[in-house]
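In our numbering, the protein residues as written are 2 to 1219.
Even glycine gets a Cβ: it sits at the ideal position worked out from N, Cα and C.
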């Protein structure tokens, strides 16, 4: 056997030059001069590639030659068989008889193919020699010898076989068929293989034929679809649009094949942000077929139906896009000073006027501007939201409002952002109440925009809401000399993420106008007394607040107004908000002339005075300065926080600031610090300054200094910047570490609501820092969270559960619990709230080793335990790090490492609470949807998305609810990007504008409702599908509005509790005593507070119609019985509730007071079974049809109290999670 070329070259000592270089040998020899070592053969490896290439080409050539020869032989054989068919007489040998099968096979295979030609030749020779002729002499011809000679000459073993005749060929075919009947033979197996191959080939050909027919049919279908999508005559479709439609298809069906799903997910567009790249007909069909080649016919028809629906939506979207462009141009025309906002109240007044002037036919196409969603939920009067008003009452209310709307444009005056003026009489007060749906409970001068900011669930301006009075005073311009400063302070507050820490400067600025405040308050109180003069049934109104009923809704939320208002508040419209509002108003059925007439009307009627223009410019300028200040102070904090710690030492900051201006401003510094500590009480025990507290501190100092506040801030920043010195190495280290800490927060924002990604980011940051700045230490890290110990109280009230750790430690640490009686220093870190560092654990004596099998000599290293703080600096767990797995000499944590790990613990705490907040929001939303579905059968599906700000407001699909009410929280939510979902852009327009979007998607009406956070940024979206209905029935519409209002309020409360400067507001006993954390508790608590306010406004005259009935409807009697049984369980079965003449006497002011003060979560509350029998059998629609507002209030109140009582009872009996 020939040797391998490489081995031959080595044995001969040859050197092969590189191919393609004629002087390769000389070059290599020159390069090896002076080197005794022979060059490695791998330097000439390219010759092998050339050799193998030539051999491969030769083999392929021989293979092709052989194949052509065989093909020619087969073709020649087919021609002969066609010219000379096989003799049919050979079939006589075929028989399936088993006994003679071997003999016949032998004869046909071995003997007859040679004998038959010999006999034929013999007969031909006999005929030629006329041996059989009778008239001839006997011939010496011997046929036996002739045949023998022929057989010897044509022995198949030694001679070339002759060309077989038709009979012989037939015999051979019969022999092969007989061989196939012999079991276990090669021929039999070969025949089976050939038969199987033939069947497969035929099946494959049939399948390919069907596929070709199916492909042609699909091409025809796509051609028709293409024509539907290209009605403009351009005969081209944007690639991004087709890709977007295909990407969204898996969201609407579960029957899509995995191959297509994977193809849709894997294939990306070259250009996603433009519609300029288009497809022609052939390109379109091939593009779609490339995705759908593996789907069945039924699935393909489903896809075509979906594409057809999307095509209709696309045509509709193109028309709507033109309208939005016209509305955008209208906004630019009305924004005379180019400040980027318009007066919302003026726009609403113009819409009301246009609506009232429109013909009846056009009104059906337009959305009523006095109804939701044109007006906001907090602007709807509670009586309208909760009461059971019939259509006639609603129409009457609209008629009254329309009268006010006709003169709204002329009455809009003042600061340019507020509409309406002081009513001069009781009639004006009544008209204003009816005109502004959110102002029924408001003081008579309360402006519409004050209700829309802060999302107050009760009416703004309740008695005792002093801050509301101050804010209204400022908005009305009572004190011009202080107006700019107070508004500026609020603007600064609003620019913060939560804005809460800026409340103190604003409050101080308002307090500087006591005279104006007193005057306005007196007028305010006087008008309120006039408004409620008919409510004499509450002789001592303050008694309601003195009872143990908790603060009212206004008292709870009015002090948060500055946190939830944007820079301009809800009194202004930005361009996205204006465009979305106009699109909602015109609806989906408005004609083009109607839209044009509306645009011309708004453009002509929208006017602004010079004073309004100047005020807008001043506000924009102030907002810009506030934004710049915020960025400047954030950059300053980062410069001071060189190690990425996440907070600063207050004493260190105070010490540096004491040197400001040579120490001459110590008095101002002391005042500012006192105000800061009053605003952030936790600073008295934990002197750590977060970025928000740092910014507040500097602004408080600037407000205490004389002169311009902006100049004072600039001087402070300049002084503090020069007080920090950092080397280039330290700066690079700080930037790197800050990037790792930001990755932890980003993991929380991009991981949906999962903590796993946060744990991984934490351990990754620790390992990266150990590798880059810690001398390659091998660190073990773990996270333990505090839990209430209810299983074994004798071991302590709380325990530490280890929820995450590095992979190597998982078998020993994960899911372990540490109790106080056990060895360890973790509880010492929890109690003291300070990091504990043990440089050498082998010398400490109080260290708990989870791996008990670790030898004593290996129990060496350093241990660091860091407490984890929540927003109010309470310890909720620990972060532990040790170097027990590191066997090097230097295992002690250095100071800069400990500081960085403190930053890691702070970053983890923020990320962890961010996820917890989102989980609470999701759980509350699930509970709210569970409340909604039984009451709104017209709603088909609801999908909830959470907004991810890190990816240009991408959406995570978190909750889906089907038409049966089944809900699912997705642990791995799908991510929706704007550029990949062009036909679902209404969701992203909703997040951009924070306005409700109404649109039709594949023939179903969708309502996209945004949820916002404390800074009025999009937090999430409810995508509600109501099927083919244009609107929900009135009662279902009201229930939907209630749910959305309560969800938004509960979201703000959940977010508010996560702030560091606030303590939770407790309203009910269960919150104070049992610390109930059920996700549905807040939802029903806000609903209860709303209903309390509704019931409080009832009077004796409200029950007059009910009392006048000798025998009332059984439904009303049951509702009142349920109320009385809930308040007085001992009245069960008594005449007090069973006898109507006695029962109706209870409908007085005392009952209203009892309802207002009743706490369903109190330990003394008892739920009677008879109570449940009275209330559970009452259908929701039946109560609505009664048209009785008191019955509607009481029915909702009883159900809400029962829900809160059930939640409290379930929380008491619920066992803690392991």
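Contact between residue 332 and residue 579 holds: their C-beta atoms lie close to 5 Å from each other, under 8 Å.
Judged by beta-carbon spacing, residue 852 lies within the 8 Å limit of residue 813, meaning their Cβ atoms are closer than that value. Each of 354, 661 and 728 was checked against the Cα of residue 606, and the nearest Cα belongs to 354. If you draw a 10 Å sphere on the C-beta of residue 982, you find 16 or more other C-beta atoms in it, and that means buried.
At least 8 Å separates the beta-carbon of residue 811 from that of residue 866. Under DSSP, residue 167 shares a beta bridge with no residue.
DSSP places residue 715 in the helix class (H, G or I) of the three-state scheme.
For the 8 Å CB-CB criterion, residue 991 and residue 1022 form a contact.
Per DSSP, residue 785 is not a residue of any alpha helix (DSSP H); the beta strand (DSSP E) it occupies stretches across 781 to 789.
Close CB contacts of residue 823 within its chain, under the 7 Å cut and outside five residues either way in sequence, are with 849 (chain order).
The beta carbons of residue 1138 and residue 1096 sit about 19 Å from each other, so the pair does not count as a contact at 8 Å. Your pair residue 117 and residue 70 does not check out as a contact, with CB atoms roughly 29 Å apart and the cut at 8 Å. The C-alpha of residue 625 lies about 51 Å from the C-alpha of residue 286. The alpha-carbon of residue 381 is positioned some 13 Å away from that of residue 1041.
Counted as a single uninterrupted DSSP element, the stretch harbouring residue 134 is not any beta strand (DSSP E), since DSSP gives it neither H nor E. In this structure, the beta-carbon distance from residue 1127 to residue 1184 does not fall below 8 Å. Three or more beta-carbon pairs drawn from the stretch 239 to 252 and the stretch 299 to 319 are found closer than 8 Å, and the two stretches are therefore classed as touching. Looking only at 894, 751 and 229, the smallest Cα-Cα distance to residue 842 is reached by 894.
Residue environment for residue 217: exposed (fewer than 16 other C-beta atoms within 10 angstroms of its C-beta). Cβ contact annotation for residue 1169 (same chain, cutoff 6 Å, sequence separation greater than five): 1126, 1130 and 1133, in chain order.
The Cβ neighbour count for residue 646, taken over all protein chains shown within 10 Å, is at least 16; the residue is labelled buried. For the options 603, 712 and 732, the alpha carbon positioned closest to that of residue 640 is the one of 732. Considered as a whole, the stretch 298 to 385 harbours 342 to 344 as its complete beta strand (DSSP E) runs of no fewer than 3 residues, in chain order. Under the 10 Å beta carbon count, residue 211 is surrounded by fewer than 16 other beta carbons and is classified as exposed. Here the C-alpha atom of residue 618 lies approximately 24 Å from the C-alpha atom of residue 582. For the options 223, 300, 64 and 989, the alpha carbon positioned closest to that of residue 282 is the one of 223.
Secondary-structure assignment with DSSP links residue 66 through no beta bridge to anything.
Taking residue 927 as the centre and dropping the five residues before and after it, the same chain places the C-beta of 968 closer than 6 Å to its C-beta, in chain order.
In this structure, DSSP gives residue 573 an extended state, which the three-state scheme calls strand. The three-state secondary structure of residue 974, taken from DSSP, is strand.
In this structure, DSSP gives residue 749 a helical state, which the three-state scheme calls helix.
Scanning 1192, 1165, 1136 and 1123 for the CA closest to the CA of residue 1175 turns up 1123. Counting C-beta pairs with one atom in each stretch, the stretch 145 to 161 and the stretch 48 to 60 have fewer than three that are closer than 8 Å, which means they do not touch.
Excluding five sequence positions before and after residue 807, the CB atoms of its chain that fall closer than 6 Å to its own CB belong to 764, 781 and 782, given in chain order.
At the C-beta level, residue 788 and residue 802 come within 8 Å of one another. Between the C-alpha atoms of residue 154 and residue 163 there is a straight-line separation of about 11 Å.
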